[in-house]
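Working notes for the structure below.
There are 2 protein chains.
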Amino acid sequence: MIRAEIIAVGSELLTPFRADTNSLYLTRSLEEHGIRVVAKTIIGDDLNQIAHVISIASERSDVIVMTGGLGPTIDDLTREALAKFLSVPLQLDKTILQKIEQRFAERNIKMPEANRKQAMIPKGATALENENGTAPGIFIETDGKQIFLLPGPPFEMEAMWQKHALPHLRTGEHFERQVFKIALMGESKVDEMLRPLTSTLKQAEYTILAGPGEVEIHLLAPQDAKEELLEACNSLRAILGNRVYAEELATMEEVVARLLRGFNKTVSVAESCTGGFLAHRLTQIPGSSNYFERGVVTYSNASKNQLLQVPYELIEQHGAVSAPVAITMAEQIRSLSHSDFGIGITGIAGPDGGSEQKPVGLVFVALADLTVTRVEKYHFPPGRERIKFMSSQAALNLLRLRLTE
Amino acid sequence: MIRAEIIAVGSELLTPFRADTNSLYLTRSLEEHGIRVVAKTIIGDDLNQIAHVISIASERSDVIVMTGGLGPTIDDLTREALAKFLSVPLQLDKTILQKIEQRFAERNIKMPEANRKQAMIPKGATALENENGTAPGIFIETDGKQIFLLPGPPFEMEAMWQKHALPHLRTGEHFERQVFKIALMGESKVDEMLRPLTSTLKQAEYTILAGPGEVEIHLLAPQDAKEELLEACNSLRAILGNRVYAEELATMEEVVARLLRGFNKTVSVAESCTGGFLAHRLTQIPGSSNYFERGVVTYSNASKNQLLQVPYELIEQHGAVSAPVAITMAEQIRSLSHSDFGIGITGIAGPDGGSEQKPVGLVFVALADLTVTRVEKYHFPPGRERIKFMSSQAALNLLRLRLTE
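Chains W and Y, in that order, are what the protein sequence lines are. Taking this note's numbering, the leading residue of the first sequence gets 21, the next gets one more, and so forth. Taking this note's numbering, the leading residue of the second sequence gets 21, the next gets one more, and so forth.
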């Protein structure tokens, strides 16, 4: 197994306000090339510390990818640290210098003297072209270890990695990954259902990741265990059935949007406790005007009556948070908008407004179409944002299941 | 200066799908206690690797905070790795064992044998109570170094840190941080305006962080430069004026919600291109039913006409994306809902639907109240999600400025 590690350089990544995210992109790409990331380090702009971290990484791993600290300021020290670790001098690369000068010339600016140091490359290393900025990258192979230095801005880093770094990268045994996404089930429940499958895996690996309102399952196998992976996927499909809403890293709204467009259907929504979040999710997808006709956020009883003609008597009799009101909201928004589907959501997002009979987290989700209206009653755990998300997730899932019947 | 580092343990944090975020919370808390984070490491579930990482950290830093790997499975190895690093045995802590057993008993479950290992504590260490889960934390002071082991789930980790770990933490020289948030201005523009201030700072530090649709400024100073910090804050206020929408880490919707509640005013919204996102932001705040009356997402022309009585002739004459339509939307939603304020947004979120005359990113935002209707025309850079965010940000800012007049 080829082992890699990622080092992110920059004191801003050691504040409470910025996390390193470049490493997620790099990990994905390294995995695709059969290389496993075994450690990540984040270090500040300190020459000795950076050099020390490189030396630790070179003892653990075969490939080291560093991001950040290649700018023109005195705080940018990654290239100096690499030279220090290698015990070699920095040398001016004239081709790179010309390219940097040219970049400035194109914008009619004289290159500041500070940028000259970006053309300094440790002796024996190769410069990697930066098509989106002034900082070139650096690649060197030493003692069988490959070291890559990339700029920090994701836009520059990703383009350089794809075009100029990957051709140098040693690649390992390819492995395959299959993703499954499941909505509205807890991690432990899914884990338990899959135990007959996961307990028999040999070479294939199983990972379950819990996100808000959904669970992601990853099955991973090296090339020579491809058969086992295929069998495992089939057996997972048999166990979970239509609980699986996607076999890729798609969101629920993407899946629903694809179904609506595929069947040429439209939807309109009437929301109370989700406060527009369902409409927002449905309109996150480019081209959503093809399937989304309208939405109303009827927070007050007056708005439920005026915009949806929900009778005040119905609200008085059952309460605004009730199955009959959710059903009426779904049916009314559908007929008023002439859409194929109407969704109604009413519930209590909290933290206030709950009672013993109708606690925070109680949500009714209704879906109406030409032939049937379905309503589901949920009791979600507290947390305003989570309740909004879970309620919209339940509504989208209801629509998905109806569209795939 | 007291130096700290954070070690996150868990192979899932080395996949392309999960980033460590616990460290941001911990960094903030450590900073508040005058301690600077100098490095972060993320390592997989490997006994020797974890022990090695602890030993490296103990050479660099005074305080080590580790998260994750305290569960009951064979993959959970942080406590074993600490014992290995310390060269001490693990010992059963009977009080902790009782607490774990009790947790299960409360749910009428017999404690699985696997959980017994969670009561094993390295000799000489102190167990830290976990009020939200089975995994206790661990604290030890050795050779003048403080080491904390905390569980991985944020909910368990944060509560344990606050209540049971902080009392042990050595604290350094306090420093003060003042935050300013500015909406709808670019990073470089703000940076340029502030140059007369930032170029004269002595002990105080200045950081500018760009987020979507807003910029955050941090001024930081040690206790003995408090005067300088106060002066810098005043001079920043003089330069930026009401462009500063918050002097804390509040969101724009929190600030607007506070103003609406303070003045006892209500708002309703009519959205087109933002697709419910503005309503969602306004209803993210607990108690939003006090100030949010209703919202409509009028995607189609028919819905603009039926829900808002926008005349078809007006749409034909000016186009749905136009100042007159935005104004009518704002005024109509205000009068139909009997709210104090009405907001209308119409624009082109893209990627399709743009033209030379009306390109993607063109957005009209209108705010109506009893005495005046204001409309603003924006041309945001492309990116559907960004355009939705920026448009809602512009609308909220318009309302904020009106409320603070």
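Cβ atoms here follow ideal geometry from the backbone N, Cα and C, with glycine treated the same way.
- For W/Glu212, the number of other beta carbons within 10 angstroms of its own is below 16, and it is reported as exposed.
- Counting only Cβ-Cβ distances below 9 Å, Y/Lys143 has no contacts in chain W at all, with the closest Cβ about 28 Å away.
- Look at W/Thr47: its C-beta is under 8 Å from a C-beta on chain Y.
- Of all C-beta pairs linking the region 332-351 of chain W to the region 365-384 of chain Y, fewer than three are shorter than 8 Å, placing the two stretches out of contact.
- At a cut-off of 8 Å, the C-beta of W/Thr154 has no neighbouring C-beta in chain Y.
- Per DSSP, Y/Pro156 is not a residue of any beta strand (DSSP E), being assigned neither H nor E.
- Taking one beta carbon from each stretch, the region 290-305 of chain W and the region 226-238 of chain W have fewer than 3 pairs nearer than 8 Å; the two do not touch.
- Using a Cβ-Cβ cut-off of 8 Å, W/Thr87 does not count as an interface residue toward chain Y, since no Cβ of chain Y sits closer than that to its own.
- Neighbours of W/Ala277 across chain Y, judged by C-beta separation under 8 Å, do not exist; the nearest C-beta is about 12 Å away.
- Using a Cβ-Cβ distance cut-off of 8 Å, the region 218-225 of chain Y and the region 246-261 of chain Y are in contact, since at least three pairs of beta carbons, one from each stretch, lie closer than that value.
- Y/Tyr319 and W/Ala277 have their C-alpha atoms some 16 Å from each other.
- Its chain contains Leu221, Lys222, Gln223, Ala224, Ala241 as the residues whose beta carbon lies nearer than 8 Å to that of W/Glu248, once the 5 sequence neighbours on both sides are disregarded; these appear in chain order.
- Counting C-beta pairs closer than 8 Å gives three or more between the region 26-44 of chain W and the region 75-89 of chain W, which meets the contact rule.
- Distances from the CA of W/Met177 to each of W/Gln352, W/Asp66, W/Gly91 were compared; the closest alpha carbon is that of W/Gly91.
- When C-alpha distances from Y/Phe312 are compared across Y/Ile158, Y/Pro156, Y/Ala322, Y/Glu273, the shortest belongs to Y/Glu273.
- Ranked by Cα distance from Y/Leu117, the first of Y/Gly157, Y/Ala103, Y/Ser78 is Y/Gly157.
- Beta-bridge annotation (DSSP): Y/Arg197 is paired with Y/Leu240.
- Shown here, W/Met140 sits in a strand according to DSSP, grouped into three states.
- For Y/Asp389, no Cβ of chain W is located within less than 8 Å of the residue's own Cβ.
- For chain W, the residues of the region 24-43 of chain Y that bring a beta carbon within less than 7 Å of one of its beta carbons are Glu32, Leu34, Thr35, Pro36, Phe37, Arg38, Ala39, Thr41, in chain order.
- When Cβ pairs closer than 8 Å are counted between the two stretches, the region 349-357 of chain Y is seen to touch the region 386-406 of chain Y, the count reaching three or more.
- If the five residues before and after Y/Leu46 are omitted, its C-beta is found closer than 6 Å to the C-beta atoms of Ile26, Val85, all from its own chain and listed in chain order.
- For Y/Ser411, no CB of chain W lies under 8 Å from its own CB, so it is not counted at the interface with that chain.
- In this structure, the CA atom of Y/Lys165 is about 15 Å from the CA atom of Y/Leu186.
- Proximity of chain W to Y/Tyr319 at the Cβ level (cut-off 8 Å) is accounted for by Thr303, Ser308, Ser309, Phe312, Glu313, Arg314, Gly315, in chain order.
- Sequence-distant Cβ neighbours of Y/Leu204 in its own chain, meaning closer than 7 Å and more than five residues away, are Gly233, Gln413, Ala414, Asn417.
- Below the 8 Å Cβ cutoff, chain Y contributes Pro306, Gly307 as neighbours of W/Asp372, in chain order.
- Between the alpha carbons of W/Val83 and Y/Arg99 lies a distance of about 29 Å.
- Chain Y has no Cβ within less than 8 Å of the Cβ of W/Ala340.
- For Y/Ile368, no beta strand (DSSP E) segment is defined, and its DSSP state is neither H nor E.
- For Y/Glu133, the closest alpha carbon among the candidates Y/Thr93, Y/Gln111, Y/Lys143, Y/Ala147 is that of Y/Thr93.
- Counted as a single uninterrupted DSSP element, the beta strand (DSSP E) harbouring Y/Met86 occupies residues 83-87.
- The Cβ atoms of Y/Val316 and Y/Val330 lie no closer than 8 Å to each other.
- DSSP places W/Arg190 in no beta strand (DSSP E); its state is neither H nor E.
- Residue contact check for Y/Ser323 against chain W: a CB pair falls below 8 Å.
- Three or more beta-carbon pairs separated by less than 8 Å link the region 98-115 of chain Y to the region 138-153 of chain Y, which places the two stretches in contact.
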